[in-house]
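One structure below.
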Ligand SMILES: [Zn+2]
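Residue numbers (the working numbering): 1412 to 1497.
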């Protein structure tokens, strides 16, 4: 049991402390808020990263993954832009 606990991490969304397994980016309540196209992009880039062994290609794919990952995180955070409330 302790082995499974050591492989858990916190949801990547700032302010969220829900535990997720190491292969998950964020908790389910947050993940289901990610637009489907963006969720697909995160999966695609993550799998591409797992399949890539060449260091140069890996660095490029990692860039794609980090961009889609960040877009997913941004998509689930409440937007608090000043002046946007109408
Ligand atoms: Zn979360």
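A virtual CB, placed ideally from N, CA and C, is assigned to each residue, including glycine.
Remember, it's a predicted structure, so these values are computed and weren't measured experimentally.
**Asked** Which first and last residues belong to the alpha helix (DSSP H) in which residue 1479 is found?
**Response** The residue given as residue 1479 occupies position 68 in the chain shown. 1466 to 1487 is the span of the alpha helix (DSSP H), which, as asked, contains residue 1479.
**Message:** Does residue 1458 pass the burial test, meaning 16 or more other C-beta atoms within 10 Å, or should it be called exposed?
**Reply:** Looking up residue 1458 in the chain shown gives position 47. It is exposed - the Cβ of residue 1458 has fewer than 16 other Cβ atoms within 10 Å.
**Message:** Given this structure, state the Cα-to-Cα distance separating residue 1456 from residue 1442, to the nearest angstrom.
**Reply:** Taking the first residue of the chain shown as position 1, residue 1456 is located at position 45. Taking the first residue of the chain shown as position 1, residue 1442 is located at position 31. Residue 1456 and residue 1442 have their C-alpha atoms roughly 16 Å apart.
**Prompt:** At which residues does the alpha helix (DSSP H) containing residue 1451 begin and terminate?
**Reply:** Stepping through the chain shown from its first residue, residue 1451 is reached at position 40. Start and end: 1447 to 1462.
**Message:** Looking at ligand 1, does it come within less than 7 Å of residue 1489, judged from the CB to the closest heavy atom?
**Reply:** Your numbering for residue 1489 matches position 78 in the chain shown. It does not: the Cβ of residue 1489 is nowhere closer than 7 Å to a heavy atom of ligand 1.
**Prompt:** Is residue 1452 buried or exposed, if buried means 16 or more other CB atoms sit within 10 Å of its CB?
**Reply:** Reading the chain shown from its first residue, position 41 is the one you call residue 1452. Result: buried.
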